[in-house]
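A.B. asks: Numbering (our numbering), first residue to last: 860 to 1082.
1. By Cβ distance, which residues of its chain are closer than 6 Å to residue 954, with the 5 residues on each side in sequence left out?
2. Exposed or buried, what is residue 884 when buried is set at 16 or more other beta-carbons lying within 10 Å of its beta-carbon?
3. Would residue 942 be called buried (16 or more neighbouring beta carbons within 10 Å of its own) or exposed?
4. Could you check how far apart the C-beta atoms of residue 1070 and residue 1056 are, in whole angstroms? I think they sit under 8 Å.
5. What residues are listed by DSSP as bridge partners for residue 1055?
6. Can you list, in chain order, the residues of its chain whose CB lies under 7 Å from that of residue 863, leaving out five sequence neighbours each side?
7. Using only CA atoms, which one of 1052, 914, 875 lies nearest to residue 895?
8. Between the Cα of residue 1011 and the Cα atoms of 1026, 1054, 971, 1042, which residue gives the shortest distance?
9. Which first and last residues belong to the beta strand (DSSP E) in which residue 943 is found?
10. How big is the Cα-Cα spacing for residue 893 and residue 902?
11. Under a Cβ-count criterion, where at least 16 other Cβ atoms within 10 Å of its own Cβ denotes burial, should residue 916 be classed as buried or exposed?
12. When DSSP builds the beta bridges, which residues end up paired with residue 934?
13. According to DSSP, which residues form a beta bridge with residue 873?
14. What do you reckon, are the CB atoms on residue 961 and residue 984 nearer than 8 Å?
15. Leaving aside the five residues before and after residue 924 along the sequence, list all residues of the same chain whose C-beta is less than 7 Å from its C-beta, in chain order.
16. Run through the DSSP bridge pairs and tell me what residue 1026 is partnered with.
17. Would you kindly report the start and end of the unbroken alpha helix (DSSP H) that includes residue 1042?
18. Taking the alpha carbon of residue 889 as the reference point, which residue from 938, 1068, 937, 944 has its own alpha carbon closest?
19. Measure the Cβ-Cβ separation of residue 931 and residue 952 and say whether it is below 8 Å.
20. Let me know the secondary structure DSSP gives residue 925 once reduced to three states.
21. Using alpha carbons as the reference points, say which of 1029, 1073, 1045 lies closest to residue 898.
22. Within 10 angstroms of the Cβ of residue 1031, are there 16 or more other Cβ atoms? Answer buried if so, exposed if not.
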């Protein structure tokens, strides 16, 4: 398997009983696969994948969320811009016996799923401000200058890919005020819930880890 010559290249994690392979923490290669953290496992526990429904996992990385979603949904599509991440994700799907339940697609955000609709869209997008680690350009962490570039693109376009009464779930760091993201979601959903999973003081400010669940999509195009 290209880019995955042996298990010596990565670290095996246990996430809520699933076996997941990623790169070792601290790997700074641009196409590194982000390691499993407690927030991934929290998200995995709270995935609202509908039985017999369709799920999109945006920015899939190691594929951990798609693997959990595949336990319930009949259709799971996992998207990432990083081909090497998809190699790991496919391998992890095999490790967990769901390789026939997930379709992996390479591309930039929404491009691989044009004109498709889902019951659930979930995302764990890059959200580190470039000033946080200016020498690092890992795809898994590059959230633009303020950390919200990918988050804003995901949230703005997401309504075009949900069916009526669908659900959106996302986890991200927020350095700046997150109210603009939440207001966008409230324009499309009857119920928007947030869980603060922690915070961290860094040189450029206070970052907060937020898990967002938006329920009962009421329609409207992304903008």
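Virtual Cβ for every residue (Gly too), placed ideally from N, Cα, C. Everything numeric in this text was worked out from a predicted model, so none of it was measured.
C.D. replies: Inspection of the coordinates gives the following:
1. Walking along the chain shown from the start, residue 954 turns up at place 95. Correct list, in chain order: 878.
2. Reading the chain shown from its first residue, position 25 is the one you call residue 884. Exposed.
3. Reading the chain shown from its first residue, position 83 is the one you call residue 942. By the 10 Å Cβ count, residue 942 comes out exposed.
4. Within the chain shown, the letter at position 211 stands for residue 1070. Within the chain shown, the letter at position 197 stands for residue 1056. That pair is a contact at about 6 Å.
5. Counted from its first residue, the chain shown places residue 1055 at position 196. Answer is 1069, bridged to residue 1055.
6. Start at 1 with the first residue of the chain shown, and residue 863 comes out as number 4. In this prediction, residue 863 has a pLDDT of 48, which is less than 50 and means its spatial position is unreliable; nothing more can be read from the coordinates.
7. For the purposes of this step, residue 895 is identified with residue 36 of the chain shown, where counting begins at 1. Comparing Cα positions, the closest option is 875.
8. By 1-based counting over the chain shown, the position of residue 1011 is 152. Considering only alpha carbons, the answer is 1042.
9. For the purposes of this step, residue 943 is identified with residue 84 of the chain shown, where counting begins at 1. No beta strand (DSSP E) holds residue 943; the alpha helix (DSSP H) holding it covers 942-954.
10. If you number the chain shown from 1, residue 893 lands on position 34. If you number the chain shown from 1, residue 902 lands on position 43. Distance between the alpha carbons of residue 893 and residue 902 is about 15 Å.
11. Within the chain shown, the letter at position 57 stands for residue 916. Buried: at least 16 other Cβ atoms inside 10 Å.
12. Here residue 934 refers to the residue found at position 75 when the chain shown is read from its first residue. Residue 934 is bridged to 913.
13. Here the question's residue 873 lines up with position 14 in the chain shown. Answer is 878, bridged to residue 873.
14. Locating residue 961 in the chain shown gives position 102, counting from the first residue. Locating residue 984 in the chain shown gives position 125, counting from the first residue. Contact: no.
15. On the chain shown, residue 924 is found 65 positions in, with the first residue counted as 1. Around residue 924: 902, 903, 906, 916, 981, 983.
16. Locating residue 1026 in the chain shown gives position 167, where the first residue counts as 1. According to DSSP, which records beta bridges pairwise, residue 1026 is partnered with 979.
17. As a first step, residue 1042 is located in the chain shown; it is residue number 183 there, counting from the start. Counting along the chain, the alpha helix (DSSP H) containing residue 1042 begins and ends at 1038-1045.
18. The residue labelled residue 889 in the question sits at position 30 within the chain shown. Selected option, being the one with the closest Cα: 944.
19. In the chain shown, the residue the question calls residue 931 occupies position 72. In the chain shown, the residue the question calls residue 952 occupies position 93. Going by C-beta atoms, residue 931 is not nearer than 8 Å to residue 952.
20. Taking the first residue of the chain shown as position 1, residue 925 is located at position 66. Here residue 925 sits in helix by DSSP.
21. The residue labelled residue 898 in the question sits at position 39 within the chain shown. That would be 1029, whose Cα lies nearest to the Cα of residue 898.
22. Counted from its first residue, the chain shown places residue 1031 at position 172. With 16 or more Cβ atoms within 10 Å of its Cβ, residue 1031 is classed as buried.
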